[in-house]
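Using UniProt numbering, read the sequence shown as starting at 1 and increasing by one per residue.
Structure first, commentary second.
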Amino acid sequence: MTRLTVAQAVVRFLAAQWSERDGIEHRLFGGCLGIFGHGNVAGLGQALATSAEDLPYRLSRNEQAMVHTAAAYARAANRMSTLACTTSIGPGATNMITGAAGATINRLPVLLLPGDVFSTRVANPVLQELEDPRSYDVSVNDCFKPVSRFWDRVNRPEQLPSALLAAMRVLTDPAETGAVTLALPQDVQAEAWDWPDELFERRVWHVPRHRPERAAVARAAELIRSAARPVIIAGGGVLYSEAADRLREFAETHGVPVAETQAGKGALPHGHPLALGAVGATGTTAANAVVREADLVIGVGTRYSDFTTASHSLFAAGTRFVNLNVTGFDAAKLSGLQLVGDAREGLTDLGEALAGWDAGAAHRERAAALIRAWDATVDAAYDPSASPEDGSPLPQSVVIGAVNAAAGDDGVVVCAAGSMPGDLHKLWRPSGPGAYHVEYGYSCMGYEIAGGLGVKLAAPEREVFVMVGDGSYLMMAQELVTAVAEGVKLVVVLVDNSGFASIGALSESVGAERLGTSYAYRGSGRYDGGPLPVDLAANAASLGATVLRADTVAGLREALKEARAATATTVVYVRTDPMSRAPSSEAWWDVPVAEVSTTAEGEQARQAYESARKEQRRHL
């Protein structure tokens, strides 16, 4: 037996956990992020202070940000490793809820260890305690329940082993993973107990590769063989399963073109003859044309979000679906034939069942022609020759092109919210798996810099290019301090269009006339429509980053070259034109429009909405 406090036992246990897949072992926890207060400093804070070698600690500057960092770390590690996050009680804990929701929505494992109120209740109500007259057993940490895949409160030391083991089971289960929350009352954290030594022994959690049912594979193969125009939609499950090579082999062997979701982008590298690129509302015209014409869609590791399906308006009536997914919940969507299993193993079995079958040369040639046309469109969007060289704001597509070139084969682009994720999805040319990291399941403003930290910590050998708009930057810029303090080198491209370009364009489309979508003087009765005198580049410099300003395309390219060569976090500041538009995806996204309006623009928007809704299908 070993006598330790509950917090010390948690830290020692986490340090001994490993994951394994395909014979390769990984530390399940690459460290612990935390911000301390009275709810965790005497417990987990003390434990981490004496266990730096076993579980490295890093100080974050915002609790929501630390969860984003952990989720990005897990994604970059293909869900084989993650980070733990600890906070005090009260606002420190509730600040993590947004990050927890993002992790669960994106199926990414993160472990949250918020402090909690006294289990003994002897001093109630304590500082930051939410008193609920219905029960003394409620605290703000109960808010984590709907956004966690597993939740528990450890009110007694005896409860800890079962809670920890259950947490590890969920974190390492590809079908169940997401945020896991263990609420730790502050008095219990400091309580000592005699623990069985086997609790702290090295433990390996084997991440399974479940194979789809043989009969289901046979049914799927029969359905695919009957198709004349099949297409694959590759989602994040392809990358988490490390199935990109198997996907490429399957596509090449059977002549099936591949479109990609936001999470699946990079499954095939740009330039592959069957790589259609992005699909859906933010997709390429090549992918969307092939998907519209398809009589069969093979979904691999996708959850079919509304952006992927263009709000269920993209697929033709009568289109059939074969869905290979690690969860039955996602495999059953769109009334698809379910292949419940690992993406790599499922593609292997399906390929064997389809031996000798090919979609046909005409189908491949049609896809290749559409890909060439879209490539020409992107070339034009990236072309700097039409950009102003007088210091005027640049088109956002030209900025993306310059960053894409600077990223090269070893770069990773990180983004999350605003107009850039959509533009990146359709325009970015990935070198392969891991080169594209855009959080679009929750599309959480402020994810970008924190997420870039997580990617760099998980993949230090790669150059990380964070693309963040001014709106998202103002939500959560302070993690630049964390990058500087930890010596984590990022290239942050701060794109300033003096407002919210994405929502500005969307507001016009629904007749809202760009209300609240730009930063301008609006106070003391004064409004001149001009931008506010806010210097975001100076702000970034004040947070410790090296800052380079770029006013022209040539200047931007030089700044990116210098930033890439730097050894410390560098911010490249560039102004863009909020009215510039990337090439159209020729697809729709369902955003309701007011049925009654007092303006002609509003009435026109409603008419367009009603027309577009006619293309929505239920695929029952």
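A virtual CB, placed ideally from N, CA and C, is assigned to each residue, including glycine.
Because the structure is a prediction, the values reported are computed rather than measured.
What are the boundary residues of the beta strand (DSSP E) that Leu427 is part of? Run containing Leu427: none in the beta strand (DSSP E); it sits in the alpha helix (DSSP H), Ser419 to Leu427.
Helix, strand or coil at Ile400 [DSSP, three-state]: For Ile400, the secondary structure class from DSSP, reduced to helix, strand or coil, is helix.
Assign Thr282 to one of three DSSP states: helix, strand, or coil. Residue state, collapsed to three classes: coil.
By the three-class DSSP mapping on this structure, what secondary structure does Ser305 have? Three-state DSSP puts Ser305 in coil, outside helix and strand.
Output the distance between the C-alpha atoms of Asp535 and Ser397, rounded to the nearest integer angstrom. Cα-Cα distance, rounded: 23 Å.
Distance cutoff 9 Å, beta carbons only. Does Leu532 sit that close to anything in chain D? Of the protein chains in this structure there is only one, and it is not chain D.
Can you give me the C-alpha to C-alpha distance between Val11 and Ala74, rounded to a whole angstrom? Pairing Val11 with Ala74, the inter-Cα distance amounts to about 19 Å.
Short Cβ contact (9 Å threshold) for Asp349 with Val217: Judged by their CB atoms, Asp349 and Val217 are nearer to each other than the 9 Å cut-off.
Suppose you measure from the CA of Ile105 to the CA of Gly178; what does that come to, to the nearest Å? Distance between Ile105 and Gly178, taken at the CA atoms: about 7 Å.
Which residue or residues does DSSP assign as beta-bridge partners of Val412? For Val412, which the question treats as bridged, DSSP gives the partners Val464.
Which of the three DSSP states is assigned to Asp349 in this structure? Helix at Asp349.
Assumed close pair residue 625, Gly544 - CB separation to whole angstroms, cut-off 8 Å: Residue 625 is absent from the structure shown; the chain starts at 1 and stops at 620.
Any idea if His363 is buried or exposed, counting beta-carbon neighbours within 10 angstroms, 16 or more meaning buried? His363 comes out buried.
Taking contact to mean at least 3 C-beta pairs separated by less than 8 Å, is the region 447-464 in contact with the region 61-79? Touching, per the Cβ criterion.
What residues are listed by DSSP as bridge partners for Tyr436? Looking at the DSSP assignment, Tyr436 forms a beta bridge with Val413.
Along the chain, where does the beta strand (DSSP E) that runs through Trp151 open and close? Counted as a single uninterrupted DSSP element, the beta strand (DSSP E) harbouring Trp151 occupies residues Phe150 to Arg153.
Would a C-beta distance cut-off of 9 Å place Arg58 and Gly23 closer than the cut-off? No, Cβ-Cβ distance for Arg58 and Gly23 is not below 9 Å.
Between the beta-carbon of Ser335 and the beta-carbon of Phe315, is there less than 9 Å? The Cβ-Cβ distance between Ser335 and Phe315 does not fall below 9 Å.
Checking 9 Å against the spacing of the C-beta atoms, do Ala183 and Asp152 come in under that value? Yes, the pair counts as a contact, with Cβ atoms nearer than the cut-off.
Are the beta-carbon atoms belonging to Leu28 and Leu164 less than 9 Å from one another? Judged by their CB atoms, Leu28 and Leu164 are not nearer to each other than the 9 Å cut-off.
Mind checking who Asn325 pairs with in its DSSP beta bridge? DSSP, once it has assigned bridges, lists Val340 as partnering Asn325.
Are the Cβ atoms of Gly346 and Val300 separated by less than 9 Å? Yes, they are a contact pair.
Nearest-angstrom Cα separation, counted from Glu213 out to Leu324: Linking Leu324 to Glu213 through their CA atoms gives a straight-line distance of about 11 Å.
Rounded to whole angstroms, what is the Cα-Cα separation between Pro56 and Ala550? Each residue's alpha carbon lies about 37 Å from the other.
So, at 7 Å on beta carbons, what are the nonlocal neighbours of Gly587 in its own chain, with the 5 sequence-adjacent residues on each side left out? One detail in the question is off: residue 587 reads as Ala in this sequence, not Gly. When the five nearest sequence neighbours on each side are left out, the beta carbons in the same chain lying within less than 7 Å of the beta carbon of Ala587 are those of Gly280, Ala281, Gly283, Asn288, Ala310 and Leu314, in order along the chain.
Contact between the region 604-617 and the region 573-580: three or more CB pairs below 8 Å? The region 604-617 vs the region 573-580: no contact.
In whole angstroms, what is the alpha-carbon distance linking Pro157 and Val297? Looking at the two C-alpha atoms, the distance is approximately 51 Å.
Test item: CB-CB of Val258 and Ala275 under 9 Å: Closer than 9 Å, so yes.
Roughly how many angstroms lie between the CA atoms of Pro133 and Leu111, to the nearest whole one? Straight across, the Cα-Cα distance linking Pro133 with Leu111 is about 30 Å.
Local conformation of Val207 per DSSP, three classes: Coil, per DSSP.
Beta-carbon spacing of Leu490, Val464 below 9 Å: The beta carbons of Leu490 and Val464 sit closer together than 9 Å.
Is the CB-CB distance between Val6 and Val188 below 9 Å? Cβ distance < 9 Å, so Val6 and Val188 count as in contact.
Consult DSSP for Cys143 and reduce its assignment to one of helix, strand or coil. For Cys143, the secondary structure class from DSSP, reduced to helix, strand or coil, is helix.
Just confirm the distance between the C-beta atoms of Arg61 and His270, as a whole number of angstroms; I'd bet it's less than 8 Å. For a cut-off of 8 Å, the C-beta gap from Arg61 to His270 is around 36 Å, too long to register as a contact.
Mind checking who Gly299 pairs with in its DSSP beta bridge? Paired residues: Ile233 and Asn323.
Restricting to runs no shorter than 4 residues, where is the alpha helix (DSSP H) found entirely within the region 44-96? The qualifying runs are 46-49, 63-76 and 91-94.
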